[in-house]
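Working notes, beginning with the structure itself.
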Amino acid sequence: MTHRAGRHFLQIPGPSPVPDRVLRAMSAQVIDHRGPGFADVGKRALDGMKTIFKTDQDVIIYPASGTGAWEAALVNALSEGDRVLMYETGHFAAMWKKMAEKLGLRPEFIAGDWRGGADPDAIETRLREDRGHEIKAVCVVHNETSTGSVTPIAQVRAAIDAAGHPALLMVDTISGLASIDFRFDEWGVDVAVSGSQKGLMLPPGISFNAVGAKAMEAAKNGGMRRSYWDWLDMKAINQTGYFPYTPATNMLFGLNEAIAMLHDEGLENVFARHQRHGAATRAAVRHWGLEVLCRQQGQESGVLTAVVMPEGHSADAFRATALKHYDISLGNGLSKVADKVFRIGHLGDINDLTLAGTLTGVEMGLRKAGVPHQSGGVDAAMKVLDDTPAPGIAAE
Ligand SMILES: *Cc1c(COP(=O)(O)O)cnc(C)c1O
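Residues in the sequence shown are numbered from 1 upward in steps of one, following the numbering used here.
Printed below as a string of structure tokens:
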């Protein structure tokens, strides 16, 4: 069978489905990125991203996946041999740490069980011990996409301040931005990292740094050897709306459309929609008699829900069955939880019926794959949707 009728359900926690409006905006002839028509596109993208990060400080856009923007954050603001405090929230935190090691930094992990966000108290305790201020940065993942847990960033900032420690606060909000609340300036974040293919509803291909004054100063006075990733070259040319090398022109067309859509809906409504869909998904999972991986109350993600497979059942075999029979892609378990967990993405351009269809696909998949569960999870989710007012829609 080469053609399958209907839309494929891409319910992995990034890439997320791209709205038709964004696809149409991108489906345009490439323009001269040094010509007079480009500056407006570049300026709109750079200024628009400031409204998404909630910052008046600098935003940098790279033609790279999120991993590139991770590297940019580390090589601009830190120097070889610097100690960095990281927190083991899951696979992505572990990957960022591995990168820091490869770059010659000296990262240390506060161990975590992959079932919650970073613990601000543990960070404060470690920073208080560091009387000589050898630790130059605290790096945390805002929304840990491998586990579905959220780190309270404002509390991490408060922990750093309570310890009286000068370390920079660096936040990976690759899958958090534009889906769950993020406030760069208000929360005193020094460097934030994000990407295009999660809450921003774009294809993969561009990524971002938001850079505060203190981090920019660190980059001016040092940082590591760098060229492509250099914030200073980028910032200088960005003033005019242009880029030092060829930007991902059509991705920027799409980005400007996506930013307009987010503001049309209202960022607060976008965040509330994700919270509501997360709550409905967890109600379904619990009704099925399955376990949500995140067990820290209040830290469950509105972006995705990671579900623990019952003992003796393969998460990957279940996902393959759901894909084959119902044309739905669900996220796999990564590294430590490979085959033990599957992830339901509920981020980006989705509404109540997309979610209901997704949960129906999961429930049908559980049945088809012979995974023990109590049927009726979709009904439990519908009840949550019915009981929680839909953001931006007037009640009847
Ligand atoms: C997706 C993701 C990454 C990796 O981004 P790429 O675009 O795949 O390079 C890193 N961290 C988090 C939290 C992510 O969700």
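The beta-carbon is built from N, C-alpha and C at its ideal position, and this holds for glycine as well. Just so you know, these numbers come straight off a predicted model, no measurement behind them.
Within the DSSP bridge table, the entry for D172 names V141, V193 as partners. Under DSSP, S207 takes part in a beta bridge, and its partners are Y62, G195. A distance criterion of 7 Å places the beta-carbon of S79 beyond contact range of ligand 1, judged by its closest non-hydrogen atom. Around D82, the same chain offers L105, K136 as residues with beta carbons nearer than 6 Å, after the five sequence neighbours per side are excluded. A distance criterion of 7 Å places the beta-carbon of K198 in contact range of ligand 1, judged by its closest non-hydrogen atom. In the DSSP assignment, the residues bridged to A306 are R343.
Short note on F53: C-beta not closer than 7 Å to any heavy atom of ligand 1.
Its chain contains A25, V41, R44, A45, G48 as the residues whose beta carbon lies nearer than 8 Å to that of N256, once the 5 sequence neighbours on both sides are disregarded; these appear in chain order. For P120, the uninterrupted alpha helix (DSSP H) run begins and ends at 120–129, by DSSP.
CA-to-CA, the gap between T249 and L177 works out to about 21 Å. If you check the CB distance, G205 and M251 come in under 8 Å. DSSP, read as helix, strand or coil, puts N351 in coil. Per DSSP, the unbroken beta strand (DSSP E) holding Y87 starts and ends at 83–87.
The C-beta of V193 has 16 or more other C-beta atoms within 10 Å across all chains shown, which makes the residue buried.
The C-beta distance from I123 to A159 rounds to 5 Å, short enough to meet the 8 Å contact threshold.
Cβ neighbours of G116 within its own chain (closer than 7 Å, five residues either side excluded): S149, C294, R295, Q296, Q299.
Counting along the chain, I12 sits inside no beta strand (DSSP E), nor does DSSP assign it H or E at all.
Inclusion of P204 in the 7 Å shell around ligand 1 follows from its C-beta lying nearer than that to a non-hydrogen atom of the ligand.
Cβ-Cβ distances below 8 Å link L23 to G254 in the same chain, with the five nearest sequence neighbours on each side left out; the list follows chain order. Within the same chain, Cβ atoms closer than 6 Å to the Cβ of L127 are found at A163, H165, the five residues on either side in sequence being excluded. For I328, the enclosing beta strand (DSSP E) stretches over residues 328–332. Apart from sequence neighbours up to five positions away, the residues of its chain that approach G333 with a beta-carbon distance below 7 Å are A315, D339, K340, V341, F342, ordered along the chain. Distance from N76 to R226 at the Cβ level is roughly 7 Å; contact confirmed, criterion being Cβ atoms closer than 8 Å.
Residue state for S227 is assigned as coil, using DSSP reduced to three classes. Under the three-state reduction of DSSP, F184 is assigned to coil, being neither helix nor strand. The straight-line gap separating the alpha-carbon atoms of R282 and I237 is approximately 46 Å. The beta-carbon distance between W288 and G365, rounded to whole angstroms, is 11 Å. This is too long to meet the 8 Å contact definition.
Assignment of beta-bridge partners to F109 by DSSP yields M86.
Close CB contacts of Y326 within its chain, under the 7 Å cut and outside five residues either way in sequence, are with G361, M364, G365 (chain order). Not one heavy atom of ligand 1 is found less than 7 Å from the C-beta of V371. Two segments are said to touch when three or more pairs of C-beta atoms, one from each, lie closer than 8 Å; by this definition the segment 142–157 touches the segment 180–190. Each of L202, E134, A73, A381 was checked against the Cα of G14, and the nearest Cα belongs to L202. With respect to W187, R157 sits close: the two C-beta atoms are nearer than 8 Å. Here the distance from the Cβ of F92 to the nearest heavy atom of ligand 1 is below 7 Å. Inclusion of F92 and E144 in the CB contact set at 8 Å is warranted, their separation being smaller than that value. Counting along the chain, the unbroken alpha helix (DSSP H) around E265 starts and ends at 249–265.
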